[in-house]
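2 protein chains.
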Amino acid sequence: MKYPNGIKQTATNHNINYGNRGMTLEEDLNITNKYYEDEGIAYIYKKPTPIQIVKVSYPTNKQVRITDAFFKEPSTLDYNGLYKGYYIDFDAKETNNTTSFPLGNINPHQINHIRNISNNGGLCFLIIRFNKLDITYLLLGEDFIDFIDNNTRKSIPVDYFKEKAFSIELKYNPRLDYLKIIDKIIGGRNG
Amino acid sequence: MKYPNGIKQTATNHNINYGNRGMTLEEDLNITNKYYEDEGIAYIYKKPTPIQIVKVSYPTNKQVRITDAFFKEPSTLDYNGLYKGYYIDFDAKETNNTTSFPLGNINPHQINHIRNISNNGGLCFLIIRFNKLDITYLLLGEDFIDFIDNNTRKSIPVDYFKEKAFSIELKYNPRLDYLKIIDKIIGGRNG
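Chains as they are written, first to last, in this note's numbering: chain A, 22 to 212; chain B, 22 to 212.
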């Protein structure tokens with residue numbers, strides 16, 4: 022299984038280090054979400070990383086310490102929140118692949134979650150950065166599901182992103198203004 | 022700090038046992054949410070329990086094992102989802118207190134989260150069961166914040182619930198039909 026991005030953030034010492042893989046997109050999103058919150062534009066936050074607890078100990082009466090646990094396959098996406106009253110739900114992934122996005126990055130529970138969110142009127146999407154192409158796309162959950170339901174390929178080609186997804190500009194502030202794209206989508210739905 | 026409800030569910034052995042405290046309301050909600058999902062009524066799920074990782078080990082190249090960690094104070098609420106396109110966010114608490122609900126059950130980060138959700142147009146609430154009174158209330162985030170902002174008390178008296186909250190009927194199926202109350206609230210807002 023893949024270990025979740027950003028685990029470094031929840032670690033308090035140097036025992037956890039997966040290198041810089043996957044950190045930059047997450048950092049960009051954290052800065053962007055902080056900007057959105059500070060400016061009263063939107064409230065979007067990161068969900069906790071799901072962990073399966075195996076064993077705990079009680080060093081004192083009031084304390085519980087987890088002594089054995091492992092990372093679980095996530096069954097939802099990483100980010101969640103509200104924008105203009107709309108339910109927002111997305112995941113962020115980076116790939117070093119230059120021709121396609123490997124579907125192994127999204128597990129079956131998450132695919133089910135994306136279907137559920139889309140079916141219930143939420144705004145669900147993936148933010149995918151092709152590191153070596155220097156481009157970040159926003160792909161709507163509906164278009165992701167549409168690809169999966171109509172293809173047997175194990176990866177989504179870059180051409181599909183060019184056709185269906187929206188590229189997100191990298192700016193000074195907000196750094197990765199993905200809500201600008203959500204505005205277009207909301208506008209398109211309402212009018 | 023309080024340990025989260027339902028931690029039993031994430032444990033795979035008998036090392037974790039907080040007794041049956043807090044399990045019944047959570048079980049009722051899990052059954053109810055499953056019913057809502059199966060019937061295509063709503064999609065409401067429980068978020069992972071936030072855990073602070075201190076140390077990990079690598080028993081094999083492909084495996085990461087958490088060997089030291091502890092429960093973090095949650096900064097959001099336990100349940101999240103979508104109903105009729107509305108963003109839903111709530112927490113569930115039980116108390117054996119018969120006269121009031123102690124505010125120590127909700128931490129400052131969660132209070133901030135409730136403000137954020139309410140300010141951004143989400144439907145945020147608390148489901149609180151008074152075990153010994155045999156009654157379960159739904160209190161809207163706005164009314165919870167209103168109490169906190171205008172009182173110095175460390176608990177919310179039952180009378181405030183009688184006045185402001187909605188009691189949720191316990192039925193056969195769905196067991197705890199809180200969306201019936203949300204329907205009234207949505208109806209009130211729209212008309």
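For each residue, glycine too, the CB sits at the ideal point set by N, CA and C. Here the structure is a predicted model, which is why all the values come from computation and not from measurement.
- Task: Measure from the alpha carbon of P95 (chain B) to the alpha carbon of each residue in A:K67, A:L147, A:K185 and A:Y199, then state which is nearest.
- Result: Working through the second sequence from its first residue, we reach residue 95 (chain B) at position 74. The candidate whose alpha carbon is nearest that of P95 (chain B) is A:K67.
- A186 (chain B) versus N194 (chain B) - alpha carbon distance: As a first step, residue 186 (chain B) must be located in the second sequence, where it is residue number 165. As a first step, residue 194 (chain B) must be located in the second sequence, where it is residue number 173. About 22 angstroms.
- Considering only the beta carbon of each residue, do F111 (chain A) and I52 (chain A) sit closer than 8 angstroms? For the purposes of this step, residue 111 (chain A) is identified with residue 90 of the first sequence, where counting begins at 1. For the purposes of this step, residue 52 (chain A) is identified with residue 31 of the first sequence, where counting begins at 1. Result no, Cβ atoms of F111 (chain A) and I52 (chain A) do not sit closer than 8 angstroms.
- Query: Mapping DSSP to helix, strand and coil, what is Q84 (chain A)?
  - Reply: In the first sequence, the residue the question calls residue 84 (chain A) occupies position 63. The answer is coil: DSSP assigns Q84 (chain A) none of H, G, I, E or B.
- Item | Within the segment 113 to 201 of chain B, ranges of the alpha helix (DSSP H) (whole runs, at least 4 residues) | You should have 129 to 140, 162 to 171 and 179 to 185.
- Query: Can you name the residues that DSSP bridges to N101 (chain A)?
  - Reply: Walking along the first sequence from the start, residue 101 (chain A) turns up at place 80. A:Y66 and A:D110, per the DSSP bridge assignment.
- Thinking C-beta only, is K114 (chain B) closer than 8 angstroms to N101 (chain B)? Walking along the second sequence from the start, residue 101 (chain B) turns up at place 80. Walking along the second sequence from the start, residue 114 (chain B) turns up at place 93. No, they are not a contact pair.
- Task: Could you check what DSSP says for K93 (chain B) in three-state terms: helix, strand or coil?
- Result: Position 72 of the second sequence, counted from the first residue, corresponds to residue 93 (chain B). Coil, per DSSP.
- By the criterion of Cβ-Cβ separation under 8 angstroms, what are the contact partners of D89 (chain B) in chain A? Locating residue 89 (chain B) in the second sequence gives position 68, where the first residue counts as 1. Chain A residues near D89 (chain B): R86, I87 and T88.
- Please say whether I138 (chain A) and I166 (chain A) have beta carbons closer to each other than 8 angstroms? Within the first sequence, numbered from 1, the residue matching residue 166 (chain A) stands at position 145. Within the first sequence, numbered from 1, the residue matching residue 138 (chain A) stands at position 117. No, Cβ-Cβ distance for I166 (chain A) and I138 (chain A) is not below 8 angstroms.
- Task: Under 8 angstroms by Cβ, that's how I've got I156 (chain B) and F168 (chain B) pegged, so tell me the actual separation to the nearest angstrom.
- Result: For the purposes of this step, residue 156 (chain B) is identified with residue 135 of the second sequence, where counting begins at 1. For the purposes of this step, residue 168 (chain B) is identified with residue 147 of the second sequence, where counting begins at 1. 18 angstroms between Cβ atoms; not a contact.
- Any beta-carbon of chain A closer than 8 angstroms to the one on A63 (chain B)? If you number the second sequence from 1, residue 63 (chain B) lands on position 42. It does; some Cβ of chain A falls within 8 angstroms.
- Hey, Y181 (chain A) and L144 (chain A) are a contact pair by Cβ (cut 8 angstroms); roughly how many whole angstroms apart? To locate residue 181 (chain A), count along the first sequence from 1; it is residue 160. To locate residue 144 (chain A), count along the first sequence from 1; it is residue 123. Wrong, their Cβ atoms sit about 20 angstroms apart, outside the cutoff.
- Message: Beta-carbon within less than 8 angstroms of F91 (chain A)'s beta-carbon, same chain only, minus the 5 sequence neighbours each way: which residues are those?
- Response: Within the first sequence, the letter at position 70 stands for residue 91 (chain A). Closer than 8 angstroms at the Cβ level, and outside the excluded window around F91 (chain A), lie I72, Q73 and V75.
- My guess is that T119 (chain A) and F151 (chain A) are in contact by the Cβ rule of under 8 angstroms, so how many angstroms apart are they, rounded? On the first sequence, position 98 is the one that residue 119 (chain A) refers to. On the first sequence, position 130 is the one that residue 151 (chain A) refers to. Indeed, because the Cβ distance is near 7 angstroms, the residues count as touching under 8 angstroms.
- Cα-Cα separation between Y79 (chain A) and I87 (chain A), rounded to whole angstroms: In the first sequence, counting from the first residue as 1, residue 79 (chain A) sits at position 58. In the first sequence, counting from the first residue as 1, residue 87 (chain A) sits at position 66. Computed Cα separation, rounded: 9 angstroms.
- Query: How long is the line joining the alpha carbons of V179 (chain B) and F122 (chain A), rounded to whole angstroms?
  - Reply: Working through the second sequence from its first residue, we reach residue 179 (chain B) at position 158. Working through the first sequence from its first residue, we reach residue 122 (chain A) at position 101. Their backbone Cα atoms lie some 54 angstroms apart in a straight line.
- Query: Closest Cβ-Cβ distance between K201 (chain B) and chain A: below 8 angstroms?
  - Reply: Numbered from its first residue, the second sequence carries residue 201 (chain B) at position 180. The beta-carbon of K201 (chain B) is placed no less than 8 angstroms from the nearest beta-carbon of chain A.
- For T157 (chain B), decide whether its Cβ has a neighbour in chain A, counting only Cβ atoms nearer than 8 angstroms. Position 136 of the second sequence, counted from the first residue, corresponds to residue 157 (chain B). So, not an interface residue.
- Query: If you draw a straight line from the C-alpha of D198 (chain A) to the C-alpha of L191 (chain B), how long is it?
  - Reply: Within the first sequence, the letter at position 177 stands for residue 198 (chain A). Within the second sequence, the letter at position 170 stands for residue 191 (chain B). Spanning the two alpha carbons is a distance of roughly 45 angstroms.
- Query: Among B:V77, B:I65, B:P129 and B:N140, which one has its Cα closest to the Cα of E58 (chain A)?
  - Reply: Locating residue 58 (chain A) in the first sequence gives position 37, counting from the first residue. Considering only alpha carbons, the answer is B:N140.
- Task: Measure the Cβ-Cβ separation of L161 (chain A) and I207 (chain A) and say whether it is below 8 angstroms.
- Result: Counted from its first residue, the first sequence places residue 161 (chain A) at position 140. Counted from its first residue, the first sequence places residue 207 (chain A) at position 186. In terms of Cβ geometry, L161 (chain A) and I207 (chain A) do not form a close pair [threshold 8 angstroms].
- Distance, Cα to Cα, Y104 (chain B) vs A63 (chain B)? Stepping through the second sequence from its first residue, residue 104 (chain B) is reached at position 83. Stepping through the second sequence from its first residue, residue 63 (chain B) is reached at position 42. Going from the Cα of Y104 (chain B) to the Cα of A63 (chain B) covers about 5 angstroms.
- Below 9 angstroms between beta carbons is the criterion; list the residues of the segment 97 to 117 of chain A that meet it against any residue of chain B, in chain order. If the cut-off is 9 angstroms between Cβ atoms, the segment 97 to 117 of chain A has T97, N101, G102, L103, Y104, K105, G106, Y107, Y108, I109 and D110 near chain B.
- Between A:D99, A:I132, A:R210 and A:N211, which lies nearest to D170 (chain A) when the distance is taken from Cα to Cα? By one-based count along the first sequence, residue 170 (chain A) stands at place 149. Of the listed residues, the one whose Cα sits closest to D170 (chain A) is A:I132.
- Query: Exposed or buried, which one is R210 (chain B) when buried takes at least 16 other CB atoms within 10 Å?
  - Reply: As a working note, residue 210 (chain B) is residue 189 in the second sequence. With fewer than 16 Cβ atoms within 10 Å of its Cβ, R210 (chain B) is classed as exposed.
- Message: 8 angstroms is my cut-off, CB to CB: does N141 (chain B) come that close to chain E?
- Response: Judged by its chain identifiers, the structure shown contains no chain E, and its protein chains are A and B.
- Item | Residues that V75 (chain A) bridges to, as DSSP identifies them | Taking the first residue of the first sequence as position 1, residue 75 (chain A) is located at position 54. Listed as beta-bridge partners of V75 (chain A) by DSSP are no residues whatsoever.
- Can you give me the Cβ contacts of I65 (chain B) inside the same chain, cut-off strictly under 8 angstroms, excluding the 5 residues immediately before and after it? Counted from its first residue, the second sequence places residue 65 (chain B) at position 44. Same-chain partners within the cutoff: N54, Y57, E58, Y100, N101, G102, L103, Y104 and I109.
- Can G142 (chain B) and G61 (chain A) be called in contact, C-beta distance under 8 angstroms? Working through the second sequence from its first residue, we reach residue 142 (chain B) at position 121. Working through the first sequence from its first residue, we reach residue 61 (chain A) at position 40. Annotated as distal: G142 (chain B) and G61 (chain A), with beta-carbon spacing of 8 angstroms or more.
- Item | The alpha helix (DSSP H) enclosing E60 (chain B), as first and last residue numbers | The residue labelled residue 60 (chain B) in the question sits at position 39 within the second sequence. Run containing E60 (chain B): none; DSSP gives neither H nor E here.
- Message: Counting only Cβ pairs nearer than 7 angstroms, list the residues of chain B close to F1 (chain A).
- Response: Here chain A covers residues 22 to 212 and nothing more, so residue 1 (chain A) does not appear.
- Task: Identify, in the order they occur along the chain, each residue of the same chain with its Cβ nearer than 6 angstroms to the Cβ of T81 (chain B), setting aside the five sequence neighbours on each side.
- Result: As a first step, residue 81 (chain B) must be located in the second sequence, where it is residue number 60. Nothing listed; no residue qualifies.
- Option nearest K183 (chain B) by Cα separation, candidates B:T97, B:P69, B:L154 and B:K93: By one-based count along the second sequence, residue 183 (chain B) stands at place 162. Comparing Cα-Cα distances from K183 (chain B) to each of B:T97, B:P69, B:L154 and B:K93, the minimum goes to B:L154.
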